[in-house]
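In the numbering used here, the protein residues as written are 1 to 579.
Have a look at the structure below, then the notes.
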Amino acid sequence: MKHPTLRLAALVVFSTAGLVGWKLAAPPSREKKESASEKPGAGKRAERATRHPRSAAADQAGKRMASIRLAGSTDARMRATIDLANSLSPAEFSAWMDGGWFTLRGGPELTLFTKIVMERWKLEDEEGLMVWMIKNGNGQSEMIAELAKKNPERLIGFFRENPSGSREMVVLWEMVKDHPDLALARFQEIVAGGRWREVQGYAGQLVRNLAEKDPAKLAAAMEDFPPAVKLQAEIALSGIRMKESFATEIRALWDRPDGWKIFEGQMHSRDGMGDKLLGELANLPPSWRSELASSPYYLVKKENAMQWWDADLAGAGFTPRDVARIRTQALSVIGQENPQEAIRRMDELQMDSDNRRSFISSLFGNIGDQEKAREMVAHLPTEEDRNKANEMLDQRFSPTSPQTKVEDPADWLAKVAETNPARGGMSYQMYSVLEEWDEEKIGALATGFRSMDADKKAVVAQVIVNGIENYGRMTNLLAGDAIRYMMENPPPVDDANKGNDNNLLSKAGYHAVQLSNRDPAAAGEWVATLPAGETRTWTQWNLLNNWRQYDPKAAGQWEKSLSASDRAALQAIAKKRNR
1 MKHPTLRLAA LVVFSTAGLV GWKLAAPPSR EKKESASEKP GAGKRAERAT RHPRSAAADQ
61 AGKRMASIRL AGSTDARMRA TIDLANSLSP AEFSAWMDGG WFTLRGGPEL TLFTKIVMER
121 WKLEDEEGLM VWMIKNGNGQ SEMIAELAKK NPERLIGFFR ENPSGSREMV VLWEMVKDHP
181 DLALARFQEI VAGGRWREVQ GYAGQLVRNL AEKDPAKLAA AMEDFPPAVK LQAEIALSGI
241 RMKESFATEI RALWDRPDGW KIFEGQMHSR DGMGDKLLGE LANLPPSWRS ELASSPYYLV
301 KKENAMQWWD ADLAGAGFTP RDVARIRTQA LSVIGQENPQ EAIRRMDELQ MDSDNRRSFI
361 SSLFGNIGDQ EKAREMVAHL PTEEDRNKAN EMLDQRFSPT SPQTKVEDPA DWLAKVAETN
421 PARGGMSYQM YSVLEEWDEE KIGALATGFR SMDADKKAVV AQVIVNGIEN YGRMTNLLAG
481 DAIRYMMENP PPVDDANKGN DNNLLSKAGY HAVQLSNRDP AAAGEWVATL PAGETRTWTQ
541 WNLLNNWRQY DPKAAGQWEK SLSASDRAAL QAIAKKRNR
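Structure (structure tokens):
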């Protein structure tokens, strides 16, 4: 007999499924809402006006969520969720999905809401859904795959009109699984059009998928690929052959001048290569032994580290130096799982003072618990080793260490202001703590930055800007203020910062593009606050071209809203680039 609680849960799921089916089959009629568009030439007044509808819409969304939050039972919340999802007009779908306005988390309601909206979007506004998915990359990979399968010509046509290297390549990855001829032809068209450098970094996945689907077709086509893409095709085809027979393919690669390069490409993307190569150590050509020893971290993993440690490398023909490199890597990996075992085996390695210090630093850098780390120090074989380890731990766990967790926004700003931007600025830990802070703390951080003394503010701004590509998502609110401050207060030009203008131009463009992927209107508003000059012009250019990739109409309206001088500057860039 089933437990009564399970029976009740099953009934709720069944009831919900029935409701979803009924609502999707017969959505309530609604009047289409016209979306207000900004008139060309509205200038600053229009930019300011766009803030209010977005704020009003968010407020209205909060009120609509209230009925779900106030529902008295799970079943009532699910019914209210279904009603909300079916009450939206297609024009509202993007705002709700991008804005995260469905704020009830932790239960099935969000999943249900998303499913209904996405299904309705596909049925009622497939063109809009396609644009939204392309704008958001592969965030909805299942639906992109479905579109690529059902309507590949339409997707290709869209990208011909709206070129976007990275986003189109993600679509072609999926398309090649069902329509290899179309996907390959479109890729060849991109390459022939001179855009292969733009897509080179994404070609690997495409050729791997094509190799899985139709290796003969890829082999025939790759002769016309640029050298870098042809190499990726060679790597993919070699991987297919290795699945059939590792021993046969590895020997074929030994006879090729580019054999190691092809094998190395597979080390990056395929698991288990290190295990298989262990059985061939005695047969490796001398050049392969040297290459392997120069990059053992691709082959030595936690699953096989002990096997590499125990392997008879000298008997297989490796030089003493190469043996030391491989065994040091193996022991480092062993230490990640079992530091005490790695310490016990340390003296079996011949390491000079610098290598030994580096090994100890790596070993103890993996231990996050200070008490446990101090206990492990006692197991080190020499007094010198123990002193080095304690010195490192003293620095790492010092109250003033950048790695010490900071909880207060004012303390965070003060610590960053004490760093040296020219020497790397702050640690990853200082960035990562921001991901744990709520909106109130992040807001206090931005307020605190704006009120800092000029000298400290300059340091913090430089550190934030320097880390924007790696840590921009953690410092998003500060990044815009930091870039603007540096543009308004450029440091004096000397040998130390001679390239600072170009660097700032690059960082501003990067921030504008990333912000526009989430909220293009907000990106436009931010760019409007930048001081006039070359950096602002190029930032406008980067924003405009990114926006055009997924919403050309809105991008054109934004361009028309700019001042005459701004539009003239953008036209000058376009003419220069089209020469």
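Cβ coordinates follow ideal geometry from the N, Cα and C atoms, glycine included.
- Straight-line spacing of the CA atoms in residue 211 and residue 528 works out to 47 Å.
- The straight-line gap separating the alpha-carbon atoms of residue 383 and residue 283 is approximately 42 Å.
- Using a Cβ distance threshold of 8 Å, residue 185 and residue 172 do not count as a contacting pair.
- For residue 186, the uninterrupted alpha helix (DSSP H) run begins and ends at 180-192, by DSSP.
- Residues of the same chain with a CB within less than 6 Å of the CB of residue 330, apart from the 5 flanking positions on each side, are 300, 305, 308 and 309 in chain order.
- Residues 202 of the same chain have their beta carbon placed closer than 7 Å to that of residue 166, with the five preceding and five following residues left out of the count.
- Shown here, residue 511 sits in a helix according to DSSP, grouped into three states.
- Distance from the CA atom of residue 181 to the CA atom of residue 87, rounded to whole angstroms, is 42 Å.
- Burial is judged here by how many other beta carbons sit within 10 angstroms of a residue's own beta carbon; residue 549 has at least 16 and is buried.
- For residue 237, the closest of 485, 266, 164 and 93 by C-alpha to C-alpha distance is 266.
- Residue 150 carries a helical assignment under DSSP once its states are collapsed to helix, strand and coil.
- Per DSSP, residue 98 is one residue of the alpha helix (DSSP H) stretching across 90-99.
- In the three-state scheme derived from DSSP, where H, G and I count as helix and E and B as strand, residue 573 is classed as helix.
- In the three-state reduction of the DSSP assignment, residue 489 falls in the coil class.
- Cβ contact annotation for residue 240 (same chain, cutoff 8 Å, sequence separation greater than five): 211, 212 and 215, in chain order.
- Residue 455 and residue 503 have their C-alpha atoms roughly 20 Å apart.
- Rounded to whole angstroms, the gap between the alpha carbons of residue 195 and residue 204 is 15 Å.
- Residue 311 and residue 278 do touch by the CB rule: their CB atoms are close to 6 Å apart, below 8 Å.
- In the structure shown, residue 556 falls within a helical segment according to DSSP collapsed to helix, strand and coil.
- Around the Cβ of residue 485, a 10 Å sphere holds 16 or more other Cβ atoms; the residue is buried.
- Of all alpha-carbon atoms in 376, 313 and 362, the one lying nearest the alpha-carbon of residue 344 is that of 376.
- If you compare the alpha carbons of 317, 83 and 564 with that of residue 114, the shortest gap goes to 83.
- In the assembly as shown, residue 248 is an exposed residue. Its beta-carbon has fewer than 16 other beta-carbons within 10 Å.
- Per DSSP, reduced to three states, the secondary structure at residue 408 is coil, with no helix or strand assignment.
- For residue 339, the CB contacts under 6 Å within the same chain, skipping 5 residues up- and downstream, are 363 and 376 in chain order.
- In the DSSP annotation of this structure, the continuous segment of the alpha helix (DSSP H) that includes residue 114 starts and ends at 109-124.
- Only residues of its own chain outside the window of five on either side were considered, and among them 101 have a CB closer than 6 Å to the CB of residue 61, listed in chain order.
- When secondary structure is reduced to three states using DSSP, residue 539 falls in the helix class.
- With three or more CB-CB distances shorter than 8 Å, the segment 405-419 counts as touching the segment 434-449.
- Just measuring C-alpha positions, the residue of 293, 223 and 273 sitting nearest residue 245 is 273.
- For residue 387, the number of other beta carbons within 10 angstroms of its own is below 16, and it is reported as exposed.
- Of the other Cβ atoms in all chains shown, fewer than 16 fall within 10 Å of the Cβ of residue 243; this residue is therefore exposed.
- Excluding residues up to 5 positions away in sequence, 360, 364, 377 and 380 lie with their Cβ nearer than 7 Å to the Cβ of residue 389 in the same chain.
- A straight line joining the alpha-carbon of residue 459 with that of residue 553 spans about 40 Å.
- Sequence-distant Cβ neighbours of residue 349 in its own chain, meaning closer than 7 Å and more than five residues away, are 324, 327, 328 and 331.
- Taking C-beta atoms under 8 Å as the contact rule, residue 158 and residue 191 fail to qualify, at a distance of about 19 Å.
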